[in-house]
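Okay, structure first, notes after.
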Amino acid sequence: MNNRLHSALQWWLALLVLAVILQVPLPFAPLGLLQHSVAGLVFFIAGLLSVFFSRSPFNTFKTILVEFSVAVPQRLPKLWATYFQVRRRALLIALLPAAAAFAGRVLGLEQTPVFLLCMTSLLLLWLYRTPRQLW
Numbered sequence: 057m058n059n060r061l062h063s064a065l066q067w068w069l070a071l072l073v074l075a076v077i078l079q080v081p082l083p084f085a086p087l088g089l090l091q092h093s094v095a096g097l098v099f100f101i102a103g104l105l106s107v108f109f110s111r112s113p114f115n116t117f118k119t120i121l122v123e124f125s126v127a128v129p130q131r132l133p134k135l136w137a138t139y140f141q142v143r144r145r146a147l148l149i150a151l152l153p154a155a156a157a158f159a160g161r162v163l164g165l166e167q168t169p170v171f172l173l174c175m176t177s178l179l180l181l182w183l184y185r186t187p188r189q190l191w
């Protein structure tokens, strides 16, 4: 698979996960007991804190991008493989706020905090796009 297609596939799969999370309905809650669930709030806070886990993968991602600018053509295939491995890990970590939103949604977290956590993940995913200069 060529590098451009592989990169696009990784990114669109991550966006698909976000779309699915936003569509999760609020669970059946008799008398509205789950609407203001403390457990949902805990997952919202955990989702916000999970943003800080993306710092280390982002630094690694930037380092790999800088290596492309000084790479010898013989090293490019290995560098692309490393790039996709680092990017896959970073994309998974970028989805942590959305995963917390999903868990919180199942426990009764309202749609607005779920949307905010998903937008946070979307912003992190946007940071891991492949720059045009590499194509």
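So for the sequence shown, our numbering puts the first residue at 57; every next one is plus one.
Just so you know, even glycine gets a beta-carbon here, dropped at the ideal spot from N, CA and C.
- A direct Cα-Cα distance of roughly 17 Å separates Phe117 from Arg60.
- Taking 8 Å as the cut-off, the beta carbon of Ala157 is found closer than this to the beta carbon of Gly103.
- Leaving aside the five residues that flank Leu190 on each side, the residues in its chain whose CB is nearer than 7 Å to its CB run, in chain order, Phe124.
- The beta carbon of Leu178 sits closer than 7 Å to those of Leu74, all from its chain and outside the five residues before and after it, given in chain order.
- Contact between Ser110 and Ala146 holds, with the beta-carbon distance rounding to 7 Å and staying under 8 Å.
- Per DSSP, Val162 is one residue of the alpha helix (DSSP H) stretching across 152 to 162.
- Per DSSP, reduced to three states, the secondary structure at Asn59 is helical.
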